[in-house]
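Read through the structure below, which is laid out as structure tokens, and then see the notes.
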Amino acid sequence: MTTVRYVYAVCRPFGAALQSQLTGVAGAPPRLLRHHDLVAVVGHVPEAEFSEDRLRAAETDTEWLAGVARLHQGVVDALTTVTTPLPLRPATVFRDDSAVRLMMELREDELRRSLDRLEGRVEWGVRVFRQEAAEGTAEEAGAGAGEAAAEEAGAGAGAGAAEAGEISARLHKALAERADASHAYPLRPREPGGTGSRNVLNAAYLVPRAHAEEFVEIVDRVRSEEPGILVELSGPSAAYSFAAEDG
0 MTTVRYVYAV CRPFGAALQS QLTGVAGAPP RLLRHHDLVA VVGHVPEAEF
50 SEDRLRAAET DTEWLAGVAR LHQGVVDALT TVTTPLPLRP ATVFRDDSAV
100 RLMMELREDE LRRSLDRLEG RVEWGVRVFR QEAAEGTAEE AGAGAGEAAA
150 EEAGAGAGAG AAEAGEISAR LHKALAERAD ASHAYPLRPR EPGGTGSRNV
200 LNAAYLVPRA HAEEFVEIVD RVRSEEPGIL VELSGPSAAY SFAAEDG
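Using numbering that gives the first Met the number 0, you'd call the opening residue of the sequence shown number 0 and step up by one each time.
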């Protein structure tokens, strides 16, 4: 079976061992491919499954893509426990070891700068949602207590939206002050039949490991002190949102 090289990440040489039972995409254990002072973490995958034509066709195969991304993430997460990886996009493949080394040769300065920028830092994701029970209350008031009550309940919903915006802005400011960089993502739309909440903050933060405890404490404080506000925290993880030099 002809194989190609699947590249998970690039990092500096490290002494700690990866998990002995760690497997990656296509069931292959990752290995380290060194070039000067850089290391590519690679796996052998079937060429037939990761050819250019197959990958192009897989763009609409969400189940296949999700499976690859999950295994990719598992390897990168394992790397994050022993070093600072510069993660590559899922399904990044090269013809052979020489092609991987050539990539590192051509991008050597860029890769070093990115690794220096990420060294000792991890990514945390924060999403804030406002519960929207107040809007349902407005509709109920309109049906059961007349127009004046509906307007009053609707005004309360508007005030709630403004308050949630202020809370999320304060939270973002406090978190950004503990981070070296932040990246705002588009707000997630409400799902039909979902929990009745509106996304008011969706951001990633590049946080020094030394500040992680304080970062999490800020999030926990908002969770406990702000009724009607739901906060989702993810991480620590490899800095996908900050892997490129332009962030």
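Where is the CB? At the ideal position from N, CA and C, for every residue including glycine.
Secondary structure of residue i, DSSP reduced to three states
| i | result |
| --- | --- |
| Gln130 | strand |
| Phe49 | coil |
| Val75 | helix |
| Phe241 | helix |
| Ser236 | strand |
| His35 | coil |
| Glu109 | helix |
| Leu17 | coil |
| Leu117 | helix |
| Thr2 | strand |
| Glu122 | strand |
Check whether residue i and residue j have beta carbons under 7 Å apart
| i | j | result |
| --- | --- | --- |
| Val38 | Cys10 | yes |
| Gly124 | Ala65 | no |
| Ile217 | Ala173 | yes |
| Ser196 | Gln130 | yes |
| Ala15 | Val81 | yes |
| Pro89 | Val67 | yes |
| Val247 | Val127 | Absent from the model: residue 247. The displayed extent of the chain is 0 to 246, so no value can be given. |
Counted within 10 angstroms of its Cβ, other Cβ atoms place residue i as buried (16 or more) or exposed
| i | result |
| --- | --- |
| Tyr7 | buried |
| Gly26 | exposed |
| Ala56 | exposed |
| Ala237 | buried |
| Met0 | exposed |
| Tyr5 | buried |
| Thr79 | buried |
| Leu70 | buried |
| Glu122 | buried |
| Ala242 | buried |
| Arg33 | exposed |
| Leu105 | exposed |
| Ser240 | buried |
Inter-residue spacing [alpha-carbon to alpha-carbon] between residue i and residue j
| i | j | result |
| --- | --- | --- |
| Gly227 | Glu212 | 24 Å |
| Ala163 | Leu186 | 14 Å |
| Thr22 | Asp96 | 19 Å |
| Val3 | Glu48 | 10 Å |
| Leu87 | Met103 | 12 Å |
| Val74 | Arg30 | 11 Å |
| Glu118 | Glu224 | 34 Å |
| Ile166 | Arg208 | 25 Å |
| Pro188 | Leu101 | 42 Å |
Below-7 Å beta-carbon distance, residue i vs any chain B residue
| i | result |
| --- | --- |
| Ile166 | As a matter of chain content, chain B is missing from the structure shown, which is built from one protein chain. |
ask   = Does the segment 96–115 come within contact of the segment 179–187, defined as at least 3 CB pairs closer than 8 Å?
value = no
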